[in-house]
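Heads up, the thing below is written out as structure tokens.
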Amino acid sequence: MSDLTLIATTKFGLEAVVKRELLDLGFTDLQVGNGQIQFPAAVADIPRANLWLRSADRVLLKIGSSNVTTFDDLFEFCRALPWETWITRDGQFTVLAKTHKSRLKSARSCQSIVKKAVVDRLAAHYRQSWFAETGPAYTIHLSLLQDEALLTIDSSGDGLHKRGYRAVGGAAPLQETLAAALVQLSFWQPDRLLLDPLCGSGTILIEAALLGRNQAPGLKRRFAADEWPAVPPAVWQEARATAAAAIERETELQLIGSDQDPQIIATARENAAIAGVNDAIEFSVKPLDKVWIDQEYGILITNPPYGERLADYQSINKLYRTFNTIFRKKDGWSLFVLTADKNFPEFFKRQRPDRVRKLYNGRIQVNYYQYHGRKPPAD
């Protein structure tokens with residue numbers, strides 16, 4: 066029974082990836098907006114969406130939406146919503162607000178009003194004026210866009226990029242959700258060779274291994290809604306058991322990663338072990354100029370360093386020239402490079418990018434350069 070509306074939030078530019086993930090999970094009637102996809106769901110879908118979504122940032126539970134132009138409008142709208150369906154008598158809740166192109170411009174004032182309205186609603190329902198707030202945690206989100214107020218509760222807690230396998234990140238770690246999206250935006254399939262010669266702490270390859278073995282990315286962590294009585298423990302247990310049974314542990318993968326830093330490769334191996342895919346990835350300590358390509362066909366996905374100082378750029382330009390030397394004649398390789406450096410295509414002489422996607426790594430705008438290689442012959 067689909068009696069709820071869930072919202073999968075995502076980075077701008079990844080809406081189509083998350084939409085495809087939701088369709089693959091069997092969700093329908095999707096409404097795609099900027100940075101979000103709304104979809105009808107049941108209570109049992111709260112665990113399923115959190116466990117399985119690879120490229121979404123969070124799963125929000127929609128409580129209501131309305132046009133508001135005054136603080137009184139906001140208070141009355143918020144107070145009329147059924148918060149008691151989700152928030153317990155002892156629930157501890159916080160309010161986060163953001164407002165854009167709306168008459169109510171103060172996010173702080175909006176937060177205070179939503180908090181007061183929710184307290185008033187709960188006080189009337191539970192017939193008490195004071196709340197201990199020692200129970201489950203609830204984070205209420207208010208989004209005001211062009212006077213349209215959207216109120217949700219965050220079912221994820223920590224962002225979905227926190228898979229639980231990262232022992233230590235690199236100097237500028239790639240978020241797991243973005244890494245998963247990079248893999249899904251490429252031509253990679255589990256039966257094809259995937260190489261990351263600048264792998265850092267291994268995030269791209271680990272996400273590919275999770276995808277290739279059909280392992281739910283959220284299986285090794287807990288979520289805010291784990292503690293909600295409205296989502297019974299049995300529902301979570303069933304969702305996790307189903308996800309664990311779906312893992313294809315015998316799937317053979319060709320995943321190769323290298324980096325010149327021995328310490329970061331040790332971290333990559335540790336991360337892969339925690340994720341349970343260390344047997345699927347071959348890591349080695351190797352500078353880029355020592356990488357040898359002896360296969361005619363393959364997929365490369367990598368996230369080279371961006372650089373902030375002149376010395377960084379000089380080093381990175383040398384790296385780009387090495388990249389060009391290795392791959393300019395490898396037309397059977399499809400190459401996918403994520404970088405904030407807009408000069409990258411000038412160094413790669415094989416061809417112009419077939420496609421350039423504008424994405425965000427945290428708050429940094431980056432480009433995902435896609436070079437489509439010659440397809441391998443059909444078996």
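Just so you know, the sequence shown maps onto residues 66 to 444 in this note's numbering.
The beta carbon of each residue, even a glycine, is placed where N, CA and C say it ideally should be.
Keep in mind the model is a prediction, meaning the values are calculated, not measured.
If you draw a straight line from the Cα of L79 to the Cα of R334, it is about 28 Å long.
Looking at the DSSP output, T164 sits in a beta bridge with L209. Looking at the DSSP output, E347 shares a beta bridge with I321. Bridge partners of V248 according to DSSP: none are assigned. I330 is a Cβ neighbour of F348, given a cutoff of 7 Å. Looking only at K76, I111, W117, the smallest Cα-Cα distance to N99 is reached by K76. Counting the other CB atoms within 10 Å of its CB gives L88 a total below 16, which places it among the exposed residues. In this structure T159 is not in contact with T199, their Cβ atoms being roughly 14 Å apart against a cut-off of 8 Å. Separation of W293 and L146 (C-alpha to C-alpha, rounded to the nearest whole angstrom) is 18 Å. Within 10 angstroms of the beta-carbon of T164 lie 16 or more other beta-carbons, which makes it buried.
In this structure, DSSP gives R393 a state outside helix and strand, which the three-state scheme calls coil. When the alpha-carbon of D138 is set against those of E315, H190, L209, the nearest one is in L209. For the pair K414 and R393, the CB atoms are nearer than the 7 Å cut-off. DSSP places S130 within a strand segment (E or B) once states are collapsed to three. Nearest neighbour of G224 by Cα position, chosen from L125, V133, F401, turns out to be L125. In the pairwise beta carbon analysis, the segment 187-195 is classified as not touching the segment 293-302: fewer than three pairs are separated by under 8 Å. The beta carbons of N382 and A232 sit no closer together than 7 Å. I152 is the residue among P297, I152, Q435, T367 whose C-alpha sits nearest the C-alpha of I128.
DSSP places N279 in the coil class of the three-state scheme, outside both helix and strand. The distance from the Cβ of G397 to that of Y362 is about 4 Å, consistent with a contact at the 8 Å cut-off.
If you look at W253, you'll find it isn't in any alpha helix (DSSP H); DSSP assigns it neither H nor E. Residue burial is scored here from C-beta neighbours: Q416 has fewer than 16 other C-beta atoms within 10 angstroms and is therefore classed as exposed.
Per the DSSP secondary-structure output, T204 pairs in a beta bridge with T159. Take E149, set aside five residues on each side of it, and the residues of its chain with a beta-carbon closer than 8 Å to its own are R186, L187, H190, Y191, in chain order. In the DSSP assignment, no residue is bridged to W117. When A121, W117, L90 are compared, the shortest CA-CA separation from I72 is found for A121. At the C-beta level, G267 and G322 come within 7 Å of one another. Cβ neighbours of R286 within its own chain (closer than 6 Å, five residues either side excluded): G229. Of the other Cβ atoms in all chains shown, 16 or more fall within 10 Å of the Cβ of I178; this residue is therefore buried. In this structure, DSSP gives S221 a state outside helix and strand, which the three-state scheme calls coil.
DSSP, reduced to helix, strand and coil, places V108 outside both helices and strands of the structure shown, so it counts as coil. Here R123 carries a strand assignment [DSSP, helix/strand/coil]. Assignment of K227 by DSSP, reduced to helix, strand and coil, places it in the coil class.
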